[in-house]
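*Asks:* Those protein sequence lines, which keep their order, are chains R and V. Residue numbers 1 to 584, in my numbering, belong to the letters of the first sequence in order. Residue numbers 585 to 1168, in my numbering, belong to the letters of the second sequence in order. Pasting in a structure now, in structure tokens, and then I'll have a few things to ask.
Number of protein chains: 2
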Amino acid sequence: MKIALGQINTTVGDITANVEKMLDFANRAKTAKADLIVFPELAVAGYPPLDLLLKDSFIQANLEGVHRLKERLAIPAIVGFVDINPGKGKHLYNACAFIEDGAIKAVQHKTLLPTYDVFDEDRYFQPASQHTPILFKDVNIGLSICEDIWTRGDILEKLSYQIDPLQLLSEKKPQLLINISASPFAVGKEHIRQELVKEQTRRHKLPMIYVNSVGGNDQLIFDGRSFVMNERGELIAMGKAFEEDLIFVDVELAAHEESFKSANEAEAKIAPGKVRKETAVKLTGTIEEFSADRTVNTLAALVLGTRDYMRKCGFQKAVIGLSGGIDSAVTAAIAVKSVGKENVMGIAMPSPFSSQHSIDDARELAESLGIEFHIIPIEPAMKAYDTMLADLFQGRERDVTEENIQARIRGAILMAASNKMGHLVLATGNKSELAVGYCTLYGDMCGGLAVISDLPKMMVYDVARYINEEAGKAIIPVSTIDKPPSAELRPNQLDQDSLPPYVILDGILHAYVEQRRKPDEIIRLGYRPEVVQDVINRIDRNEYKRKQAAPGLKVSSRAFGMGWRMPIAQRFQEKASVPATGKP
Amino acid sequence: MKIALGQINTTVGDITANVEKMLDFANRAKTAKADLIVFPELAVAGYPPLDLLLKDSFIQANLEGVHRLKERLAIPAIVGFVDINPGKGKHLYNACAFIEDGAIKAVQHKTLLPTYDVFDEDRYFQPASQHTPILFKDVNIGLSICEDIWTRGDILEKLSYQIDPLQLLSEKKPQLLINISASPFAVGKEHIRQELVKEQTRRHKLPMIYVNSVGGNDQLIFDGRSFVMNERGELIAMGKAFEEDLIFVDVELAAHEESFKSANEAEAKIAPGKVRKETAVKLTGTIEEFSADRTVNTLAALVLGTRDYMRKCGFQKAVIGLSGGIDSAVTAAIAVKSVGKENVMGIAMPSPFSSQHSIDDARELAESLGIEFHIIPIEPAMKAYDTMLADLFQGRERDVTEENIQARIRGAILMAASNKMGHLVLATGNKSELAVGYCTLYGDMCGGLAVISDLPKMMVYDVARYINEEAGKAIIPVSTIDKPPSAELRPNQLDQDSLPPYVILDGILHAYVEQRRKPDEIIRLGYRPEVVQDVINRIDRNEYKRKQAAPGLKVSSRAFGMGWRMPIAQRFQEKASVPATGKP
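Right, here's the structure in full:
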């Protein structure tokens, strides 16, 4: 038989469209002579639905969606949805339905409910209480949902799951495993996923079909790359990265009739009147190549995340403040890749502190991208604020206040353009500055989506260079890449006057935020104690800014945003045991 | 014996200060001849510590805090802390320690881990695996933590807890129950808590000592009101609301020696060599009176929440934009109650659309509050933006864009005052406008704390009237209360031009957000279908603004903020089955 992997891009809450998409994919799969199509986790509802799950009407609409699928699906399907147990205080389950001949033949609930990082599944769902393979065309198929297969020893230990769903399933002798997932992208995760499935297929001596979501939903980007492995952990089929795909795998039953006698009572119960054939199924498919390069993947993820955020929120065009610097240049280039140059507007907003080369760089970028470009000098507003605040600030020195005012004027201009024309403002801040608070709340932090807010500064450079390399020309002006970073909020200002060199800052940031290392451990990596302490203190005390930041696309294993939940009014400081000497 | 209830205000992460506070309270309790002092849930760490719990160093510091307590406590104590099981992948427990004679004699873990609304305890903690009473001065005491006692039938059903910790404890024949809590304030919750404990004391025929936290921590406000009930559910002692308190209860053992023989093996094991006396203990204490009025409580909560946010974040002074309207007037009055008139600055920022009476009202408010007051007309910046945007906006009508610019100029001025002088900007928006998006992102939404963002507009009026009533004079100008609400962003603008009357809006808001009613149910309450649909649509589509809102103090059962987790890029719309006719 032929099984289709329906790697689709759903929209959270758009149940009608999600159902129509599945019907369409099922029709295409039928045309290709597939016998069964498999869709990702919560495909009916969209993932993650978050607190929409607390609305009865949402759950109901999702059940009606399954009903429509059941009535109209061209071929049998395995479909992720939200199941309900009305008897038990309306308990919800993250579930998959096996639909065949216009009926729901079986439902498997998710067992392991991730409740860490960006996941809150314990907030919504109850775990599965049974694990029973389904029988389809004489093949026993064990169904599981996303986290259910993340049961390598080290992970189980860390997450304290008491149950191993694959073990429970494998005791019931399936011949094939299917896992439906909504596994968000992070740099390098495709490798981790494949290693995991390789380990599980070998451990259980069973092939596995792994169907992942694709598409951006708020901060999360799902990268697709659904795949199939045989019972030896060999890759049989692989879907596209960062786009929808319909992948096929041929499943051949090499029946050994002698296995008949080994069918035990439990199995007979599962599939009454049928005989399970014990021999492994044989799989054949095609493998889509994709890059394992982190820069290539990151760029693709951000392009998809930006495109989907805009599309799913109903925006056609984006507006971006272009400073001539690297962050806004990369953000603009990503926007153009996402929605096309005709849908991106750049605005340079020079102050008297802006150098001519910055304005030139911004213009050059806009020209190389082919986007609409405006220059709006902000001096009139700077003067107005000076006038308005003269009395209140009498006798006080100029300081960071006036720098922030410039950033806030720019933010207000971009928001005005957004209000007047309906464009989405894309914020341009990177992870390094968001971490240490080197950014202005309500200023450069303005925007509906923060495209590169999970990219440390050095990674922004990597992406910039790759964009040029890929284009075979300097889309991003060379001088933008080469010049030392500056916010240009006062004469001759450089980022490095206020911050450690980015190569140092980013190293400490990675160790502290993503790897959760303690100060002493970070110091042992070779960073100066006083710099480590200073960076950590800055990260901790700038939580208030991040709480009001625009949603940012997550591409690392630990991003600020929905998976980072720090209190603001708190006094804990991580201190290195090595005393800091001198100024940072 | 005498038991002290140490109702303390801890700071998240300030372990040194929290420990010192407990040592101080224990000394005071010893002076009053108490034998045992009980502190709230996670008193060592502060509550809620959120992702600080993911830091090993934080857990370690908390354990060192317990160690210092152990060494220095003047009397035995029951103390909330984070326990660890290093053998099991560093599993964490929300725990309480029974400290006696310089040693931790027993540890009881929390069993029921709330993972709903603002709570994420499944993200961090493992549940208890044993429930054993402690023996203290011949009394068997059953310990539980917060949620562990929230096991009325209806709640159990809803939350799907499989275990009733009090039942497990009561099977081991305690004579007294102690619950340590960090139970956040919501209007009317003090009544729910007392009813719950009344039910549990009666059900188990056991008295209970309930020790709650007090103080504000980010969005959550803990109201104290620790209390003691006897086995008949009668109130024996009650602590203060919204302030620290040390409450005493006398526990008299009416020993019946014949109970000796009934001591079974299990009990003998728990307390080897001791004999549990079966007779009920007798309790005596004093009852602190407090208001049950929702307005009085709400005001007290907001005052405490504002004071603590400022203190715990290290701010001495606040700055508030005074429009002459009710929201900013109430916010300023709360600020004055929180930190004193000498620590509050008001700034009126009139535009050409501001009426003279608004400026007069703002001035009158500032005078009646006795706060520093400035007037900064914003016309210079309005003109500057007009000039700067003239080319870009050529040929386009004036619209909401220019209104938002005014709001953003005001936001930038307040932030400038904050940057220059170090004051905290208090945002003045209410729940009604935050719900329907009748507010400007980066404009009137600017601020470090949104004081009244969980108060529907009608409640803001209630609080305003009560402030005047309590003061016996018009602290808030009568004309501010009497005039129809207006944002004054264009000539003759009134809120009611854009919104349903607040009495309608607030009713629908309450039904939809707090009561989670469906559109049809709300319509059945008597609201017009088209108005219901319009309000619901507005609430749904303004999620993007709320995602970037300042943290707001939670006083209702369901506030926007940490307990409200809606996706932005989503398409689910709750529709009334009754068709809407005509314009809303």
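The C-beta atom is built at its ideal place from N, Cα and C for all residues, glycine as well.
Of all the CB atoms in chain R, is at least one closer than 8 angstroms to the CB of V:Arg891?
*Replies:* Counted from its first residue, the second sequence places residue 891 of chain V at position 307. So, not an interface residue.
*Asks:* Between which residues of its own chain and V:Leu1039 is the CB-CB distance below 6 angstroms, once the five residues before and five after are set aside?
*Replies:* If you number the second sequence from 1, residue 1039 of chain V lands on position 455. Cβ within range, chain order: Asn1014 and Lys1015.
*Asks:* Only counting the same chain, and skipping five residues up and downstream in sequence, which positions put a Cβ closer than 7 angstroms to that of V:Tyr1050?
*Replies:* Taking the second sequence and counting its residues from 1, one reaches residue 1050 of chain V at position 466. For V:Tyr1050, where only same-chain residues beyond five positions count, the Cβ hits under 7 angstroms are Thr879, Val880 and Leu883.
*Asks:* Report all residues from its chain with a CB closer than 7 angstroms to the CB of V:Glu1127; omit the five preceding and five following residues, and keep chain order.
*Replies:* Here residue 1127 of chain V refers to the residue found at position 543 when the second sequence is read from its first residue. Closer than 7 angstroms at Cβ, skipping near neighbours: Met1150 and Ile1152.
*Asks:* Indicate whether V:Arg1122 and V:Val1020 have their beta-carbon atoms separated by less than 8 angstroms.
*Replies:* Walking along the second sequence from the start, residue 1122 of chain V turns up at place 538. Walking along the second sequence from the start, residue 1020 of chain V turns up at place 436. In contact: V:Arg1122 and V:Val1020 (Cβ atoms closer than 8 angstroms).
*Asks:* Is V:Asn927 helix, strand or coil by DSSP?
*Replies:* For the purposes of this step, residue 927 of chain V is taken as residue 343 along the second sequence, with counting starting at 1. V:Asn927 falls in the helix class under three-state DSSP.
*Asks:* With 8 angstroms as the threshold, decide whether the Cβ of V:Leu1093 is near any Cβ in chain R.
*Replies:* Sequence index remark: in the second sequence, residue 1093 of chain V carries index 509 (1-based). Not an interface residue.
*Asks:* Out of R:Glu402, R:Ser328, R:Phe58 and R:Ser358, point me to the one whose CA is closest to R:Met445's CA.
*Replies:* On the first sequence, residue 445 of chain R is found 445 positions in, with the first residue counted as 1. Looking at the Cα atoms, R:Ser328 is the closest of the given residues.
*Asks:* Take the Cβ of R:Arg232 as the centre, count every other Cβ of all protein chains shown within 10 Å, and call the residue buried at 16 or more, exposed below.
*Replies:* Residue mapping note: residue 232 of chain R aligns to position 232 of the first sequence, counting from 1. That one is exposed.
*Asks:* Using DSSP with H/G/I as helix, E/B as strand and the rest coil, what is R:Pro584?
*Replies:* Here residue 584 of chain R corresponds to residue number 584 of the first sequence, with the count starting at 1. With a pLDDT of 43 at R:Pro584, under the threshold of 50, the modelled position of this residue cannot be trusted; read the value that follows with caution. It is coil, neither helix nor strand.
*Asks:* Report yes or no: do three or more beta-carbon pairs, one from the segment 933-950 of chain V and one from the segment 987-1000 of chain V, lie closer than 8 angstroms?
*Replies:* Yes, the segment 933-950 of chain V is in contact with the segment 987-1000 of chain V.
*Asks:* Below 8 angstroms on the Cβ atoms is my guess for R:Ile556 versus R:Ala186; work out the distance and round it to an integer in Å.
*Replies:* On the first sequence, residue 556 of chain R is found 556 positions in, with the first residue counted as 1. On the first sequence, residue 186 of chain R is found 186 positions in, with the first residue counted as 1. In the sequence on display, residue 556 of chain R carries Ser and not Ile. The Cβ separation is near 6 angstroms, so the contact holds.
*Asks:* By the criterion of Cβ-Cβ separation under 9 angstroms, what are the contact partners of V:Ala770 in chain R?
*Replies:* Along the second sequence, read from residue 1 onward, the residue named residue 770 of chain V stands at position 186. Per Cβ cutoff of 9 angstroms: no residues; V:Ala770 is ~17 angstroms from chain R at best.
*Asks:* With a threshold of 8 angstroms, are at least 3 pairs of Cβ atoms found where one atom belongs to the segment 137-144 of chain R and the other to the segment 169-177 of chain R?
*Replies:* Touching, yes.
*Asks:* Quick one: list the residues of chain R neighbouring V:Asn881, beta-carbon separation under 7 angstroms, in chain order.
*Replies:* For the purposes of this step, residue 881 of chain V is taken as residue 297 along the second sequence, with counting starting at 1. Here the premise fails: no neighbours, minimum Cβ distance about 22 angstroms.
*Asks:* Report the partner residues of V:Lys586 according to the DSSP bridge assignment.
*Replies:* Counting from 1 along the second sequence, the entry for residue 586 of chain V is found at position 2. Partner(s): V:Asp834.
*Asks:* So V:Glu1054 is in the beta strand (DSSP E); what residue range does that whole segment cover?
*Replies:* Taking the first residue of the second sequence as 1, we reach residue 1054 of chain V at position 470. Careful: V:Glu1054 lies outside any beta strand (DSSP E), inside the alpha helix (DSSP H) at Lys1041 to Ala1055.
*Asks:* Assign R:Val330 to one of three DSSP states: helix, strand, or coil.
*Replies:* Numbered from its first residue, the first sequence carries residue 330 of chain R at position 330. The answer is helix: DSSP assigns R:Val330 an H, G or I state.
*Asks:* Please state whether DSSP places V:Leu1137 in a helix, a strand or coil.
*Replies:* As a first step, residue 1137 of chain V is located in the second sequence; it is residue number 553 there, counting from the start. Here V:Leu1137 sits in coil by DSSP.
*Asks:* So, does the CB of R:Tyr544 fall closer than 8 angstroms to a CB anywhere in chain V?
*Replies:* As a working note, residue 544 of chain R is residue 544 in the first sequence. Chain V, which has a Cβ nearer than 8 angstroms to the Cβ of R:Tyr544, makes this yes.
*Asks:* Within the same chain, show all residues whose beta-carbon is closer than 7 angstroms to that of V:Val1116, passing over the 5 residues directly before and after it, in chain order.
*Replies:* As a working note, residue 1116 of chain V is residue 532 in the second sequence. Counting only Cβ-Cβ distances below 7 angstroms, and skipping sequence neighbours, we find Ile1092, Pro1103, Ile1106, Ile1107 and Ala1160.
*Asks:* Under 7 angstroms Cβ to Cβ from R:Ser418, same chain only, skipping five residues before and after it: list those, please.
*Replies:* Position 418 of the first sequence, counted from the first residue, corresponds to residue 418 of chain R. Result list for R:Ser418: Val319, Leu424 and Val425, in chain order.
*Asks:* Quick one: does R:Asn343 have its CB under 8 angstroms from some CB of chain V?
*Replies:* Taking the first residue of the first sequence as position 1, residue 343 of chain R is located at position 343. No, because no Cβ of chain V sits closer than 8 angstroms to the Cβ of R:Asn343.
*Asks:* Below 8 angstroms, can you find three or more Cβ-Cβ pairs linking the segment 76-87 of chain R to the segment 99-112 of chain R?
*Replies:* Enough Cβ pairs lie closer than 8 angstroms, so yes.
*Asks:* Can you tell me the Cα-Cα spacing of R:Ile134 and R:Lys55, whole angstroms?
*Replies:* Counting from 1 along the first sequence, the entry for residue 134 of chain R is found at position 134. Counting from 1 along the first sequence, the entry for residue 55 of chain R is found at position 55. Computed Cα separation, rounded: 31 angstroms.
*Asks:* Does any residue of chain R have a CB that is nearer than 8 angstroms to the CB of V:Asn734?
*Replies:* Translated into positions along the second sequence, residue 734 of chain V becomes position 150. A quick correction: the sequence has Trp, not Asn, at residue 734 of chain V. Taking Cβ atoms only, chain R never reaches closer than 8 angstroms to V:Trp734, which makes this a no.
*Asks:* Going along the chain, which residues of its own chain have a beta-carbon closer than 7 angstroms to the beta-carbon of R:Lys341, five neighbours each way excluded?
*Replies:* Counted from its first residue, the first sequence places residue 341 of chain R at position 341. Closer than 7 angstroms at the Cβ level, and outside the excluded window around R:Lys341, lie Leu369, Gly370 and Ile371.
*Asks:* For R:Asn217 versus R:Gly46, is the C-beta spacing smaller than 8 angstroms?
*Replies:* Locating residue 217 of chain R in the first sequence gives position 217, where the first residue counts as 1. Locating residue 46 of chain R in the first sequence gives position 46, where the first residue counts as 1. Taking 8 angstroms as the Cβ cut-off, R:Asn217 and R:Gly46 qualify as a contacting pair.
*Asks:* Determine contact between the segment 391-398 of chain R and the segment 968-978 of chain V, defined as no fewer than three beta-carbon pairs at a distance below 8 angstroms.
*Replies:* Cβ pair count under 8 angstroms is below three, so no.
*Asks:* For R:Ala381, return the contacting residues in chain V, with the cut-off set at a CB-CB distance below 8 angstroms.
*Replies:* Within the first sequence, the letter at position 381 stands for residue 381 of chain R. By Cβ distance, chain V contributes Ala965, Ala968, Tyr969 and Met972.
*Asks:* Can V:Glu987 and V:Arg1074 be called in contact, C-beta distance under 8 angstroms?
*Replies:* As a position in the second sequence, residue 987 of chain V is number 403, starting the count at 1. As a position in the second sequence, residue 1074 of chain V is number 490, starting the count at 1. Cβ distance < 8 angstroms, so V:Glu987 and V:Arg1074 count as in contact.
*Asks:* Given this structure, state the Cα-to-Cα distance separating V:Lys921 from V:Val887, to the nearest angstrom.
*Replies:* As a position in the second sequence, residue 921 of chain V is number 337, starting the count at 1. As a position in the second sequence, residue 887 of chain V is number 303, starting the count at 1. So the two alpha carbons sit approximately 6 angstroms from each other.
*Asks:* Which partner residues does V:Asn796 have in the DSSP bridge list?
*Replies:* For the purposes of this step, residue 796 of chain V is identified with residue 212 of the second sequence, where counting begins at 1. Partner(s): V:Ser765.
*Asks:* So, for V:Met1146: in the same chain, excluding its five sequence neighbours on each side, which residues have a beta-carbon less than 6 angstroms away from its beta-carbon?
*Replies:* Residue 1146 of chain V sits at position 562 when you count from the first residue of the second sequence. These residues qualify, in order along the chain: Val702 and Gln803.
*Asks:* Taking the beta carbon of V:Asp704 as the centre, do at least 16 other beta carbons fall within 10 Å, making it buried, or is it exposed?
*Replies:* Sequence index remark: in the second sequence, residue 704 of chain V carries index 120 (1-based). Buried, by the Cβ-count rule.
*Asks:* Assign V:Ile989 to one of two classes, buried (16 or more other C-beta atoms within 10 Å of its C-beta) or exposed (fewer than that).
*Replies:* Numbered from 1 along the second sequence, position 405 holds the residue referred to as residue 989 of chain V. Flag for V:Ile989 reads buried.
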